[in-house]
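Here is the structure we will look at.
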Amino acid sequence: MGGSNFFEKDGAPYCERDYFQLFSPRCGLCNEPILDKMVTALDKNWHPEHFCCVKCGRPFGEEGFHEKDGQQYCHQDFYELFSTRCQGCGQAILENYISALSALWHPECFVCRECYAPFLQGSFFEHGGRPFCETHYHKQRGSLCWGCEKPIAGRCITAMARKFHPEHFVCAFCLKQLNKGTFKEQNDKPYCHPCFLKLFG
Numbered sequence: 001m002g003g004s005n006f007f008e009k010d011g012a013p014y015c016e017r018d019y020f021q022l023f024s025p026r027c028g029l030c031n032e033p034i035l036d037k038m039v040t041a042l043d044k045n046w047h048p049e050h051f052c053c054v055k056c057g058r059p060f061g062e063e064g065f066h067e068k069d070g071q072q073y074c075h076q077d078f079y080e081l082f083s084t085r086c087q088g089c090g091q092a093i094l095e096n097y098i099s100a101l102s103a104l105w106h107p108e109c110f111v112c113r114e115c116y117a118p119f120l121q122g123s124f125f126e127h128g129g130r131p132f133c134e135t136h137y138h139k140q141r142g143s144l145c146w147g148c149e150k151p152i153a154g155r156c157i158t159a160m161a162r163k164f165h166p167e168h169f170v171c172a173f174c175l176k177q178l179n180k181g182t183f184k185e186q187n188d189k190p191y192c193h194p195c196f197l198k199l200f201g
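The opening residue of the sequence shown carries number 1 in full-length UniProt numbering; numbering runs sequentially from there.
Here it is, written out as structure tokens:
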């Protein structure tokens with residue numbers, strides 16, 4: 001070995017190059033010996049510059065990494081690839097969520113799908129797998145009163161392909177209730193017989 005440095009292992013001498021080649025920890029990415037600083041993670045050793053996200057290739061900073069199936073990911077790629085998606089916006093759910101209608105939602109996305117109002121009391125109506133406020137649920141189902149635009153629960157009158165609360169089915173001119181069920185129609189409006197004769201003779 002002359003005047004050069006040598007290393008000994010199990011009683012045998014090795015030159016510096018062979019010693020490091022044979023006995024230094026190997027990098028989990030490049031499989032080369034690690035001669036200086038080293039990162040140990042996921043039961044492997046790494047050159048610091050080689051311990052990086054398997055998707056984007058960026059080294060991990062202070063924020064650390066996530067592991068899935070023995071692979072390491074940066075926060076952004078991990079959430080992009082593996083997080084549950086919000087039913088409302090399709091983005092990853094990272095923190096708080098609402099579980100409803102067999103799906104998960106960001107709290108700000110679980111709103112009426114027509115007017116986007118939040119469900120302040122926690123109650124909502126489902127139609128076609130989507131959440132609605134009471135008014136828009138009835139609008140979707142065609143059960144809003146044509147006269148007052150409020151939901152109909154109970155008895156209703158169906159006339160002119162529309163639905164009405166009985167008290168809101170009125171003559172378009174005198175506003176008397178058309179409770180007998182007989183009326184005349186003109187320009188898509190109901191009229192009692194006397195008003196119809198007076199106006200349209």
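From the three backbone atoms N, C-alpha and C, an ideal C-beta is built for every residue, glycine too.
For the set His-193, Cys-174 and Asn-187, the Cα lying nearest the Cα of Gly-181 is the one of His-193.
Between the stretch 87–99 and the stretch 59–71, the count of C-beta pairs closer than 8 Å stays below three; the two stretches do not touch. The C-beta distance from Leu-42 to Ser-24 rounds to 19 Å, too long to meet the 8 Å contact threshold.
For Asn-179, DSSP records no beta bridge to any residue.
Exclusion of the five residues before and after Leu-144 leaves Thr-135, His-138, Lys-150, Pro-151, Ile-152 and Lys-163 as the residues of its chain whose Cβ lies within less than 8 Å of its Cβ. With respect to the 9 Å criterion, Cys-56 and Gln-72 are not classified as neighbours on the basis of their beta carbons. If you look at Tyr-79, you'll find it in the alpha helix (DSSP H) that goes 75–82. Beyond the five residues adjoining it in sequence on each side, Phe-173 comes within less than 7 Å, by CB distance, of Tyr-191, Cys-195 and Leu-199 in the same chain, given in chain order. In this structure, Cys-74 lies away from Trp-46, with their beta-carbon atoms at least 9 Å apart. If you check the CB distance, Glu-108 and Pro-118 come in under 9 Å. For the pair Arg-130 and Gln-121, the Cα-to-Cα distance works out to about 17 Å. Along the stretch 49–115, the alpha helix (DSSP H) occurs as fully enclosed runs of 4 or more residues at 75–82, listed in sequence order. Under the three-state reduction of DSSP, Phe-125 is assigned to strand.
Boundaries for Phe-119: no beta strand (DSSP E) harbours it, and the DSSP string shows neither H nor E there. The three-state secondary structure of Glu-185, taken from DSSP, is strand. DSSP places Arg-17 within a helical segment (H, G or I) once states are collapsed to three. Secondary-structure assignment with DSSP links Arg-162 through a beta bridge to Ala-159.
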